[in-house]
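Going left to right, the sequence shown walks through residues 1 to 310 as my numbering numbers them. C-beta atoms are modelled at their ideal positions from N, C-alpha and C, and glycine is treated no differently.
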Amino acid sequence: GWGGAWEETMKKAFGDPFEKETGIKVVYTSPIDFGKMKAMVESGNVEWDVSQAGFFRILPAAKAGIVEPIDYSIVDQSVLTPGTARKYGCGGEYEAVTIGYRTDVYKDGPVGWKDFWNVDKFPGPRAMYKGVYYTMEAALLADGVPPDQLYPLDEERVFRSLDRIKPHVTAWWRSGSQSQTLIKNREVDMLTAWNGRLAQLIHRGDPVAINWDQALFVQSAWFVIKNAPHKKEAMEFINFTNRAKNQAMVASEIFYGPTNPEALKYIDPKVAKWMPSHPDNLKKCIELNSEYWENNKDRLTEKFEAWLMK
């Protein structure tokens, strides 16, 4: 898994009750390293079985031949939102990069990426994700590209738009915890951030709000490594994670949206409003095109990192 609060919550909601019910022991290791995963498969020394990641990470791994197809004779996909059970990944959660802002700085917060780019109306230091996912889509949306015309990305337009916001971005974050610290300590007044990280701050009473307009979301899914030593048990574990009450427990603690819609019945409505899969939020969100990133991530990352160095 991904360690920290994520791993603690997964253990509580899935690992411990699965072990108790089935007698199958669940052992944790973190963080996920796809380079190491590839080396394990190629060497024939596969050390672990199952994990969770976004489809923009799973698809390249599947293309490289290091992920098993999901066995839907074991995994019941009927309980899941349509489209969340795919060949190489299943279930998991909805995660979104949203606009977060301090309510003690802005009485009326930004609405969408045009406002994030509007430094005259919303002055103040910004922070953004130091990566191509989300950042490039946000740049085009800020420049007026309609959501249904994002892909393939107009690369020249992306960088022209990023050139406009770059002088106002005082920090480029790599981890969710870093983004939390930046806005909590008022190092920035506005930023792009995972909805779960912002929701944690709001839940703790920090003067922070989330804007869901044009939030960029992905599905993070469970997958099984190629030649997993406990393949059948891994599929049984994935099937267990699709249960509504267990997904509700995860969502209530780390605020990412469940893929089993029945889970919303077991989540406090005040908490559910911070999740991408809440109906009021989902209709405002835009899904990243995982297939596009499967084919373009490495090339665009190289261009983006060169641009950052200018």
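Kindly indicate the opening and closing residues of the beta strand (DSSP E) around T170.
Looking up residue 170 in the sequence shown gives position 170. It spans V169 to W173 - the beta strand (DSSP E) in which T170 sits, taken as one unbroken run.
Could you tell me the distance, in whole angstroms, from the CA atom of Q180 to the CA atom of R204?
One-based indexing of the sequence shown puts residue 180 at position 180. One-based indexing of the sequence shown puts residue 204 at position 204. Near 12 Å, if we compare the C-alpha coordinates of R204 and Q180.
Could you name each continuous alpha helix (DSSP H) segment of 4 residues or more that falls completely within the segment 49-123, going from the start of the chain to the end?
Counting only runs of 4 or more, we get 55-63 and 113-117.
Using only the alpha-carbon positions, how far apart do I225 and S51 sit?
On the sequence shown, position 225 is the one that residue 225 refers to. On the sequence shown, position 51 is the one that residue 51 refers to. Computed Cα separation, rounded: 8 Å.
Alpha carbon to alpha carbon, how far is M249 from E156?
Within the sequence shown, residue 249 is the residue found at index 249, counting from 1. Within the sequence shown, residue 156 is the residue found at index 156, counting from 1. Between M249 and E156, the C-alpha separation is close to 44 Å.
Following the continuous alpha helix (DSSP H) through I24, name the residue where it begins and the one where it ends.
Position 24 of the sequence shown holds residue 24. Neither: I24 is in no alpha helix (DSSP H) and is coded neither H nor E.
Assuming A215 is part of the beta strand (DSSP E), what are its boundary residues?
Against the sequence shown, residue 215 aligns to sequence position 215. Where A215 is concerned, the enclosing beta strand (DSSP E) stretches over V208 to I225.
Taking the continuous alpha helix (DSSP H) assigned at D201, which residues delimit it?
Here residue 201 is taken as the residue at index 201 of the sequence shown, counted from 1. One detail in the question is off: residue 201 reads as Leu in this sequence, not Asp. It spans N195 to H203 - the alpha helix (DSSP H) in which L201 sits, taken as one unbroken run.
My understanding is that I238 touches V75, with C-beta atoms under 8 Å, so please give their C-beta distance in whole angstroms.
Position 238 of the sequence shown, counted from the first residue, corresponds to residue 238. Position 75 of the sequence shown, counted from the first residue, corresponds to residue 75. I238 to V75, Cβ: 5 Å. Contact.
Could you tell me whether the segment 88-96 touches the segment 258-272, using the rule of 3 or more Cβ pairs below 8 Å?
The segment 88-96 vs the segment 258-272: in contact.
Could you give the DSSP three-state label for P229: helix, strand or coil?
For the purposes of this step, residue 229 is taken as the residue at position 229 of the sequence shown. Residue state, collapsed to three classes: coil.
Spatial neighbours of W307 within its chain, please: C-beta separation below 8 Å, excluding the five flanking residues on both sides.
Translated into positions along the sequence shown, residue 307 becomes position 307. So the qualifying residues of the chain are F159 and L162.
In or out: A39 buried (at least 16 other Cβ within 10 Å) or exposed?
Your numbering for residue 39 matches position 39 in the sequence shown. Label assigned to A39: exposed.
If you run the structure through DSSP and keep just helix, strand and coil, what is P269?
For the purposes of this step, residue 269 is taken as the residue at position 269 of the sequence shown. In this structure, P269 counts as helix in the three-state DSSP scheme.
Taking the CB atoms as reference points, tell me whether A215 and Y101 lie closer together than 8 Å.
Here residue 215 is taken as the residue at index 215 of the sequence shown, counted from 1. Here residue 101 is taken as the residue at index 101 of the sequence shown, counted from 1. No.
Which term fits Y28, buried or exposed, when burial requires 16 or more other beta carbons within 10 angstroms of its beta carbon?
Your numbering for residue 28 matches position 28 in the sequence shown. Exposed, because fewer than 16 other Cβ atoms sit within 10 Å of the Cβ of Y28.
Give a yes or no on whether the C-beta atoms belonging to V111 and F304 are separated by under 8 Å.
Start at 1 with the first residue of the sequence shown, and residue 111 comes out as number 111. Start at 1 with the first residue of the sequence shown, and residue 304 comes out as number 304. Their beta carbons are not under 8 Å apart, which means V111 does not touch F304 by this criterion.
By the DSSP assignment, the beta strand (DSSP E) with Y292 in it spans what residues?
Counting from 1 along the sequence shown, the entry for residue 292 is found at position 292. Per DSSP, Y292 belongs to no beta strand (DSSP E); it is in the alpha helix (DSSP H), S290 to L308.
Less than 8 Å between the beta carbons of D71 and M235, yes or no?
Within the sequence shown, residue 71 is the residue found at index 71, counting from 1. Within the sequence shown, residue 235 is the residue found at index 235, counting from 1. Their beta carbons are under 8 Å apart, which means D71 touches M235 by this criterion.
On the DSSP letters alone, give me the boundaries of the beta strand (DSSP E) that M128 sits inside.
Position 128 of the sequence shown, counted from the start, is the residue given in the question as residue 128. Counting along the chain, the beta strand (DSSP E) containing M128 begins and ends at R126 to Y129.
Determine the closest residue to N118 out of P69, V79 and V169, with distance taken between C-alpha atoms.
Counting from 1 along the sequence shown, the entry for residue 118 is found at position 118. Among P69, V79 and V169, the Cα nearest to that of N118 is on V169.
Name the two residues that bound the continuous alpha helix (DSSP H) containing W6.
Position 6 of the sequence shown, counted from the start, is the residue given in the question as residue 6. Taken as a continuous stretch (DSSP letters only), the alpha helix (DSSP H) holding W6 covers G4 to M10.
Enumerate in chain order the residues of its own chain whose CB-to-CB distance from K273 is below 8 Å, with the five nearest sequence positions on each side excluded.
The residue you call residue 273 lines up with position 273 of the sequence shown. Hits under 8 Å: D280 and N281.
Assuming S30 and W48 make a contact with CB atoms under 8 Å, what is their CB distance in whole Å?
Position 30 of the sequence shown, counted from the start, is the residue given in the question as residue 30. Position 48 of the sequence shown, counted from the start, is the residue given in the question as residue 48. Actually they do not touch by this definition, with Cβ atoms about 10 Å apart.
On the criterion of 16 or more Cβ atoms from any shown chain inside 10 Å, does R174 qualify as buried, or is it exposed?
Numbered from its first residue, the sequence shown carries residue 174 at position 174. Exposed, because fewer than 16 other Cβ atoms sit within 10 Å of the Cβ of R174.
Tell me the DSSP secondary structure of M275 in three-state form.
Translated into positions along the sequence shown, residue 275 becomes position 275. Looking at M275 - three-state DSSP - the assignment turns out to be coil, as it is neither helix nor strand.
Under 8 Å between the Cβ atoms of M190 and L300?
For the purposes of this step, residue 190 is identified with residue 190 of the sequence shown, where counting begins at 1. For the purposes of this step, residue 300 is identified with residue 300 of the sequence shown, where counting begins at 1. Against a cut-off of 8 Å, the Cβ pair of L300 and M190 comes out as no contact.
Let's see if you can read the secondary structure: which residues bound the alpha helix (DSSP H) around K43?
Start at 1 with the first residue of the sequence shown, and residue 43 comes out as number 43. According to the sequence as given, residue 43 is Ser; it is not Lys. Where S43 is concerned, the enclosing alpha helix (DSSP H) stretches over F34 to S43.
To the nearest angstrom, how far is the alpha carbon of M10 from that of D120?
Position 10 of the sequence shown holds residue 10. Position 120 of the sequence shown holds residue 120. Spanning the two alpha carbons is a distance of roughly 43 Å.
For E287, which residues does DSSP report across the bridge?
As a working mapping, residue 287 is identified with position 287 in the sequence shown. According to DSSP, E287 bridges with F217.
Mind reading off the beta-carbon distance from F223 to Y129? Whole number of angstroms is fine, and I expect it under 8 Å.
As a working note, residue 223 is residue 223 in the sequence shown. As a working note, residue 129 is residue 129 in the sequence shown. With 8 Å as the limit, F223 and Y129 do not qualify as a contact, their Cβ atoms being about 23 Å apart.
Under 8 Å by Cβ, that's how I've got T98 and N246 pegged, so tell me the actual separation to the nearest angstrom.
For the purposes of this step, residue 98 is taken as residue 98 along the sequence shown, with counting starting at 1. For the purposes of this step, residue 246 is taken as residue 246 along the sequence shown, with counting starting at 1. Actually they do not touch by this definition, with Cβ atoms about 25 Å apart.
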